[in-house]
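Under our numbering, the first residue of the sequence shown is numbered 51, with each subsequent residue one higher.
All C-beta atoms in this analysis are idealised placements derived from N, C-alpha and C, irrespective of residue type, glycine included.
All values derive from a computational prediction rather than experimental measurement.
Let me begin by presenting the structure, written as structure tokens, before commenting on it.
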Amino acid sequence: MSTQSKEDIYFAVCNAILKMEVAQGHLQWTLSEISRESGVTRSLIYYYFGKEKESALQEAYKFVIAHFFNVERVKTTSLQERLKIILMDIRKMPFLFVLFFLEKNGGGEVGKLLQQAEKMMLLTMKQEFPDLSDDQILAIYLKELGAIAYQLPTEKIKDVF
Numbered sequence: 051m052s053t054q055s056k057e058d059i060y061f062a063v064c065n066a067i068l069k070m071e072v073a074q075g076h077l078q079w080t081l082s083e084i085s086r087e088s089g090v091t092r093s094l095i096y097y098y099f100g101k102e103k104e105s106a107l108q109e110a111y112k113f114v115i116a117h118f119f120n121v122e123r124v125k126t127t128s129l130q131e132r133l134k135i136i137l138m139d140i141r142k143m144p145f146l147f148v149l150f151f152l153e154k155n156g157g158g159e160v161g162k163l164l165q166q167a168e169k170m171m172l173l174t175m176k177q178e179f180p181d182l183s184d185d186q187i188l189a190i191y192l193k194e195l196g197a198i199a200y201q202l203p204t205e206k207i208k209d210v211f
């Protein structure tokens, strides 16, 4: 795994953490299990995520939120391209969608992070598409969530969006 980028390592570890979180329950997994599942050594997990399960879980959520909501606006893409990337990532990390809905209104720290990221994304979309009303922006986002839940084939994105 040493030839993979930091983002690849993060993605593999986050995927493993979220998978275990869904499969085994809240923090009912070990970092050794995460290491085996992700193919990343424990020492590398400790380096990037720390030695505590709770901090590793929080780091996984933060990475995934930044990745999917593009909060820091690291990459600028069209709505169609963004949805294509999300759909491909969700196929690799299907546990994320389940956790999104479990945590979004859960009232915990992760729920607050998700709500804040959503709000920022909607505001950014409004800036990028100033001619659209708030309701139209919300409709696009809800349509994206539906496409994710439906597992819309990426070749159909242009037909639907």
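(Q) Could you tell me which whole alpha helix (DSSP H) segments of length 4 or greater appear in the stretch 115–153? (A) List check, alpha helix (DSSP H) in window: 129–142.
Q) Is it buried or exposed for L173, if we count other Cβ within 10 angstroms and need 16 for buried? A) exposed
**Q.** Inter-residue Cα distance where the pair is H76 and D181
**A.** 43 angstroms
Q: Keeping to the same chain, check which residues put their C-beta closer than 7 angstroms to that of R92; ignore five residues upstream and five downstream.
A: L81, S82 and S85
Q: Leaving aside the five residues before and after G100 along the sequence, list all residues of the same chain whose C-beta is less than 8 angstroms from its C-beta, in chain order.
A: A106 and E109
Q | Burial state of A66, where buried means 16 or more other Cβ atoms lie within 10 Å | A | buried
Q. Alpha carbon to alpha carbon, what distance is there between K154 and P144?
A. Distance from the CA of P144 to the CA of K154, rounded to the nearest whole angstrom, comes to 16 angstroms.
Q) First and last residue of the alpha helix (DSSP H) that includes Q165? A) E159 to E178
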